[in-house]
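Have a look at the structure below before the remarks.
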Amino acid sequence: MIRIALSSLFFERGKLLAALSGVAFAANLVLVQAGLFFGFQRASTAVITRAGGDLWVMARGTQLVDFADPLSPGVGEQIRAVPCVERARPVIFSWASIRKPSGGIDNVQLIAAEPAPGRALPWSLAQGLPDDLRAPKRIAVDEADLDRLEIPRPAIGQPVELQDGPVYVGAVTQGIRSFTVVPYLFAEPREARRILGLAEGQATFWAVDLADRGCAADVRATIERHPDLVVRDRRQFEAMTSHYWVIGSGAGATLAFAALLGLIVGLVVVGQTLYSLTESRSRELATLKAMGASGRELASFVIWQAALLAIAGSAIGLVWAFGLARLVQTIGLTVVLDATVIGAGLGTITGMCALASLASVRKVVKLEAAKVFR
Numbered sequence: 110m111i112r113i114a115l116s117s118l119f120f121e122r123g124k125l126l127a128a129l130s131g132v133a134f135a136a137n138l139v140l141v142q143a144g145l146f147f148g149f150q151r152a153s154t155a156v157i158t159r160a161g162g163d164l165w166v167m168a169r170g171t172q173l174v175d176f177a178d179p180l181s182p183g184v185g186e187q188i189r190a191v192p193c194v195e196r197a198r199p200v201i202f203s204w205a206s207i208r209k210p211s212g213g214i215d216n217v218q219l220i221a222a223e224p225a226p227g228r229a230l231p232w233s234l235a236q237g238l239p240d241d242l243r244a245p246k247r248i249a250v251d252e253a254d255l256d257r258l259e260i261p262r263p264a265i266g267q268p269v270e271l272q273d274g275p276v277y278v279g280a281v282t283q284g285i286r287s288f289t290v291v292p293y294l295f296a297e298p299r300e301a302r303r304i305l306g307l308a309e310g311q312a313t314f315w316a317v318d319l320a321d322r323g324c325a326a327d328v329r330a331t332i333e334r335h336p337d338l339v340v341r342d343r344r345q346f347e348a349m350t351s352h353y354w355v356i357g358s359g360a361g362a363t364l365a366f367a368a369l370l371g372l373i374v375g376l377v378v379v380g381q382t383l384y385s386l387t388e389s390r391s392r393e394l395a396t397l398k399a400m401g402a403s404g405r406e407l408a409s410f411v412i413w414q415a416a417l418l419a420i421a422g423s424a425i426g427l428v429w430a431f432g433l434a435r436l437v438q439t440i441g442l443t444v445v446l447d448a449t450v451i452g453a454g455l456g457t458i459t460g461m462c463a464l465a466s467l468a469s470v471r472k473v474v475k476l477e478a479a480k481v482f483r
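Those letters in the sequence shown? Residues 110 to 483, by my numbering.
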């Protein structure tokens, strides 16, 4: 029955190509939309993840990393004095403005942090090294933002007017973009304070490394005795920020709708193709039933065709998805196509093909053997 099913499918090449195109389109859309969803999640929390820490201390009322008021200069020392605190590292995350050579002004987000041991901030450098930012008036900018900010290439050493003062490009990052596609600029904490006019020891957040995770509740309670401070677990803060941007902004619903649209298109195309193939081979299938073929064997005729379409169409869609992922990276968007996304996406496509085959399976099971004599 496998040979008969596949031979029938390849004989109708026009219908085969239409069905494969439908499955590939659905697979590509589902994978890319899911990849964008997880890419948005990763981008919205990348700075928090890279800065690390067990707990994050911030001004009371802060809900996400992008909007926070700077803390007073003495907060860092107060945190370090709490028992079980191994390190308290400053994190500065603030809005700033750049005046471009053409005279226009663009908003950027200035980021500075003392990274956790073994980590680098910024990461993914295309040019320069993290230590290059230790020189005075040095910043890092992403290569995807160079044209937007009108920074000439080669960018290293080029002047930039940031907050009405001159700084110079010391390093260029690759693929570090915010969820809102607002340019990220990185600097050392000392330089960020100078640019933003903050006092020595001031920061927007403090990333707290604990000597023992078991004392997190006690440390949190001690710090929150300060009326202006709130403490959040780093993963909790990541979840809050991600939920705000990806779910609260409506981006997640938009991506889900596009993926659903792809599934509906694939479902209709594959369902129509399988039903048409079954209809065109109904006399041959009736002959097999008259010769003693069971309903299960006849159903396998459709099932094997659906399986082939699922496998071949998904493979084509996966290739398209990888190509599209590389293309959208050039405009600063990240499409996450890891094993989890691919496995879930292809599983969804297989389920779609199985669902599309139900009408055809029902038809062949109810096929009358007498049809061959009509």
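Every residue gets a Cβ at the ideal spot worked out from N, C-alpha and C, and that includes glycine.
Nearest-angstrom beta carbon gap, residue j and residue i [assumed within contact, 8 Å]
i	j	result
D241	A280	5 Å
V156	V340	Actually they do not touch by this definition, with Cβ atoms about 18 Å apart.
A128	V379	5 Å
S211	E259	6 Å
Q283	S206	Their Cβ separation, rounded to whole angstroms, is 24 Å, which puts Q283 and S206 out of contact at 8 Å.
Enclosing beta strand (DSSP E) for residue i [first to last residue]
i	result
M167	L164 to A168
I304	From DSSP, I304 is part of no beta strand (DSSP E) but of the alpha helix (DSSP H) over P298 to L305.
Q218	I214 to A222
L125	Here L125 belongs to no beta strand (DSSP E); instead the alpha helix (DSSP H) covers R122 to A160.
V250	R247 to D251
V269	P268 to L271
L238	No beta strand (DSSP E) contains L238, which DSSP labels as neither H nor E.
L294	Y293 to F295
Residue i, DSSP secondary structure in three states
i	result
G284	coil
S233	coil
P199	strand
L455	helix
L173	strand
G460	helix
R257	coil
R208	strand
V278	strand
V450	helix
V481	Note that V481 has pLDDT 48, beneath the 50 cutoff, so the model's placement of it is unreliable and no number is given.
Span of the alpha helix (DSSP H), counted from its first residue to its last, around residue i
i	result
I188	V184 to R189
L467	L467 to V474
Taking one C-beta from the stretch 215-231 and one from the stretch 149-163 each time, how about it: are there three or more such pairs within less than 8 Å? Counting C-beta pairs with one atom in each stretch, the stretch 215-231 and the stretch 149-163 have three or more that are closer than 8 Å, which means they touch.
(Q) At 4 residues or longer, what runs of the alpha helix (DSSP H) sit wholly inside the stretch 396-447? (A) Entirely contained in the stretch 396-447, the alpha helix (DSSP H) runs reaching 4 residues are, in chain order, 404-438.
Check: Can we say the stretch 138-152 touches the stretch 420-438, given the rule of at least three CB pairs closer than 8 Å?
Finding: Result yes; three or more Cβ-Cβ pairs closer than 8 Å.
Q) Are the stretch 289-303 and the stretch 215-225 touching by the rule of at least three beta carbon pairs closer than 8 Å? A) The stretch 289-303, when compared against the stretch 215-225, does touch it at the 8 Å Cβ threshold.
Point to revise | Complete runs of the alpha helix (DSSP H) confined to the stretch 304-389 [at least 4 residues] | key: Fully enclosed alpha helix (DSSP H) runs of no fewer than 4 residues occupy 325-332, 343-351 and 360-389 of the stretch 304-389, in order along the chain.
- So does the stretch 196-211 actually touch the stretch 309-317, counting three or more Cβ pairs closer than 8 Å? The stretch 196-211 makes contact with the stretch 309-317; the number of CB pairs closer than 8 Å reaches 3 or more.
| task | Report yes or no: do the stretch 339-350 and the stretch 119-136 share at least 3 C-beta pairs separated by less than 8 Å? | result | Touching, no, given that fewer than three Cβ pairs across the two stretches are closer than 8 Å.
Pairs of beta-carbons, one from the stretch 403-422 and one from the stretch 128-138, closer than 8 Å: are there three or more?
A contact exists between the stretch 403-422 and the stretch 128-138.
Review point. Is the stretch 316-335 in contact with the stretch 257-272, if contact means three or more CB pairs nearer than 8 Å?
Key: Result no; under three Cβ-Cβ pairs closer than 8 Å.
- Message: Three Cβ pairs or more, each shorter than 8 Å: is that satisfied between the stretch 147-156 and the stretch 350-362?
- Response: Touching, yes.
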